[in-house]
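As structure tokens, the structure follows; a few thoughts come after it.
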DNA sequence: GGATCGATCGGCT
DNA sequence: GCCGATCGATCCG
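In the working numbering, the protein residues as written are -13 to 187.
Here it is as structure tokens:
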């Protein structure tokens, strides 16, 4: 099975954010294959993006965004959730793409086990329709921070069917009210039109 | 259906 | 000491 390579990610971030839609994210967990189609992404671009973790310059946490493309940036937020990002563009230009939602494909039983709290079954729609949810479903945490996703093991991407521009929508990013008005308004969130697993409709 | 709010902790000022 | 690239429970209609 072909794998998306570093060249795919080392391009302008908006291009990569659009092109990631429809690709298949694969997580290998002790030989078990959990996977889903990427249906929603968000771009965080450059030192002047006041919504980005890189807005205050380089720190220990965000230094990875200044490094080579094709590695996972996984961080912990709100005291309980993880977010999966992929570093893009060229070194020394801080940029990354947040994976916001998946359409579950293989391994849905395991995703259920990772996601459910009590013993109550979870509706399939709630497995991976949000950035915190998909990390929980695929067992992605800080141990995968800095992991190169171009190696074809543990965590990687496989090409899906190309999507026509007509199938893709763009709009403002979510949860960044602290940013400047221009950055809040920038249409740097992308999703597949009409897909049920997009986090906000 | 929508609005509101608490959980919970690491990173940064 | 503050606050967040979120989620789910709860309350209201």
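Built from N, CA and C at the ideal position, the CB exists for glycine as well.
Flag this pair as yes or no: are the beta carbons of residue i and residue j separated by less than 9 Å?
{"i": "residue -4", "j": "residue 30", "result": "no"}
{"i": "residue 126", "j": "residue 70", "result": "yes"}
{"i": "residue 136", "j": "residue 56", "result": "yes"}
{"i": "residue 87", "j": "residue 115", "result": "yes"}
{"i": "residue 120", "j": "residue 113", "result": "yes"}
{"i": "residue 72", "j": "residue 63", "result": "no"}
{"i": "residue 11", "j": "residue 178", "result": "no"}
{"i": "residue 28", "j": "residue 183", "result": "no"}
DSSP state of residue i, grouped into three classes?
{"i": "residue 83", "result": "strand"}
{"i": "residue 113", "result": "coil"}
{"i": "residue 122", "result": "helix"}
{"i": "residue 91", "result": "coil"}
{"i": "residue -10", "result": "coil"}
{"i": "residue 39", "result": "helix"}
{"i": "residue 9", "result": "coil"}
{"i": "residue 275", "result": "One cannot answer for residue 275 here, as it falls past the ends of the chain, which runs -13 to 187."}
{"i": "residue 27", "result": "strand"}
{"i": "residue 105", "result": "coil"}
{"i": "residue 14", "result": "strand"}
Leaving out the 5 sequence neighbours to the left and right, which residues in its chain are closer than 6 Å to residue i when beta-carbon positions are compared?
{"i": "residue -10", "result": "143"}
Taking just the CA atoms, how far does residue j sit from residue i?
{"i": "residue 101", "j": "residue 44", "result": "34 Å"}
{"i": "residue 22", "j": "residue 42", "result": "33 Å"}
{"i": "residue 122", "j": "residue 78", "result": "31 Å"}
{"i": "residue 61", "j": "residue 9", "result": "22 Å"}
For residue i, which residues from the same chain have a beta carbon less than 7 Å from its beta carbon, with the 5 sequence-adjacent residues on both sides left out?
{"i": "residue 173", "result": "156, 157 and 158"}
{"i": "residue 51", "result": "39, 40, 59, 73, 80, 81 and 82"}
With a CB to CB cut of under 8 Å and the five nearest residues on each side skipped, what residues in its chain are close to residue i?
{"i": "residue 117", "result": "67, 69, 70, 84, 85, 86, 87 and 185"}
Three or more C-beta pairs under 8 Å: does that hold for the region 161 to 178 against the region 32 to 40? yes
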